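First comes the structure, then the notes that go with it.
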Amino acid sequence: MNIEDNFRNITLNDIHLVNCIISSIREKRNLSGHMRILEVGCGSGTFLLYMIDMLSKTFPKITFDFHAFDLQESELIFNDEELKEPHLSRLHIVLKRKYKNGNWERKIKIIKPSDDWHEQLEFFDLIVSNQVLEHVMDKPTFFNKLSKNLKLSGNSFHIFPALDVFWEWHIHVPFAHWFKSEKMLRKYITLYRYFTSPVKFFKNHKLMMNSINHDAKYIFDKTHYCSTKQFIKYCNDLNLSVNLKYTYPYYFLKACQWLKIDINKFNFYSCNRFLHYLTFFITKHISSITVHISK
Ligand SMILES: C[S@@+](CC[C@H](N)C(=O)[O-])C[C@H]1O[C@@H](n2cnc3c(N)ncnc32)[C@H](O)[C@@H]1O
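In the working numbering, the protein residues as written are 54 to 348.
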């Protein structure tokens, strides 16, 4: 068995987020020196490994210092059948094997929601998260910690679906994240499944009802959607600059993928404001937006 079998596949979200980071580093024209990067809510660590690999290859003259964490209920504590230890141990093993220099146990860790992200203020040049913000319950605290830990003139990128999105991508039911009551949501999903998969609904009724209950509970317990406007307000309240112009390159990458065009042929990351204004009011309803915060 390959030691990396427990990690998920690399997605377009990962590729896009790394492209955003590369573009922001190039923009600063500071292509040598030292950079501290934090990934918040790293899950299995798949994106972290991909980011380390891509950034180290793209900027060989920069010394990167990578940090990451997730919470106690995350994939990091899932049992690893082979190691008989949490998945975090496997992540440390992979990192130590690939990159000998790091003090990985100290830098990649599990923390409590009340813990600080780092003991030193204004420590990170870059803070990123990938599909995390729609799961964060206490967003003011999240942005407060981000503001405390990001260096002056540092950058931060977050890719996630906002409340504006029509399709709920975790359970694949439209508008499921707009319900205020779990009971009503359960009824709505039942109706939706009845009309979209009637044969399955009657053939495997018990299984279907279990899955509907599970989905409704997941949306209520594990997701905490918030509108784009609200995100901007959270950042502005902390004097953080925020823009959304990195959103459209993600959809251009998606289009290339569908049309089977080589994504490396184009550079979408010049982030033209005109293209942004032309597309954002549609793209925010489709899937993830990309929030770029700077200090
Ligand atoms: C859909 S997973 C994404 C995991 C990973 N970023 C990836 O791309 O595979 C969402 C993650 O957000 C984490 N999360 C939820 N609330 C958080 C918070 N307040 N601070 C940090 N991480 C949080 C969860 O523990 C979970 O691992």
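Cβ coordinates follow ideal geometry from the N, Cα and C atoms, glycine included. Note that the structure is a prediction, hence the values are computed from the model and not measured.
Checklist entry - What do you get for Met-237, buried or exposed, if any count of 16 or more other CB atoms within 10 angstroms of its CB means buried? => result Locating residue 237 in the sequence shown gives position 184, where the first residue counts as 1. Exposed, since its Cβ has fewer than 16 Cβ neighbours within 10 Å.
Item to check | For Lys-114: DSSP bridge partner residues | outcome: On the sequence shown, residue 114 is found 61 positions in, with the first residue counted as 1. Paired residues: none, contrary to the question.
Item to check | DSSP three-state assignment for Leu-216, whether helix, strand or coil | outcome: Here the question's residue 216 lines up with position 163 in the sequence shown. Leu-216 falls in the coil class under three-state DSSP.
Next on the checklist: What would DSSP say about Met-88, mapped onto helix, strand or coil?
Outcome noted: Taking the sequence shown and counting its residues from 1, the one referred to as residue 88 is at position 35. Of the three classes helix, strand and coil, the one that applies to Met-88 here is strand, per DSSP.
Checklist entry - Is any heavy atom in ligand 1 found nearer than 6 Å to the beta carbon of Leu-199? => result Numbered from its first residue, the sequence shown carries residue 199 at position 146. Not so, every heavy atom of ligand 1 lies at least 6 Å from the Cβ.
Next on the checklist: Assuming Lys-162 is part of the beta strand (DSSP E), what are its boundary residues?
Outcome noted: Your numbering for residue 162 matches position 109 in the sequence shown. Start and end: 161-164.
Item to check | Backbone secondary structure at His-267 - three-state DSSP | outcome: In the sequence shown, the residue the question calls residue 267 occupies position 214. Residue state, collapsed to three classes: helix.
Item to check | Coarse secondary structure for Ser-250, derived from DSSP in three states | outcome: By 1-based counting over the sequence shown, the position of residue 250 is 197. If DSSP states are grouped into helix, strand and coil, Ser-250 belongs with coil.
Item to check | Counted within 10 angstroms of its Cβ, other Cβ atoms place Gly-86 as buried (16 or more) or exposed | outcome: Residue numbering aside, residue 86 sits at position 33 when the sequence shown is read from its first letter. Under this definition Gly-86 is an exposed residue.
Checklist entry - In three-state DSSP terms, what is Asp-106? => result As a first step, residue 106 must be located in the sequence shown, where it is residue number 53. Note: Asp-106 maps to helix in three-state DSSP.
Checklist entry - Would the beta-carbon of Tyr-278 fall within 7 Å of that of Leu-216? => result Numbered from its first residue, the sequence shown carries residue 278 at position 225. Numbered from its first residue, the sequence shown carries residue 216 at position 163. Their beta carbons are under 7 Å apart, which means Tyr-278 touches Leu-216 by this criterion.
Item to check | Integer-rounded CB distance, given that Phe-112 should sit under 8 Å from Leu-70 | outcome: The residue labelled residue 70 in the question sits at position 17 within the sequence shown. The residue labelled residue 112 in the question sits at position 59 within the sequence shown. That belief does not hold up - the Cβ atoms of Leu-70 and Phe-112 are roughly 16 Å apart, past 8 Å.
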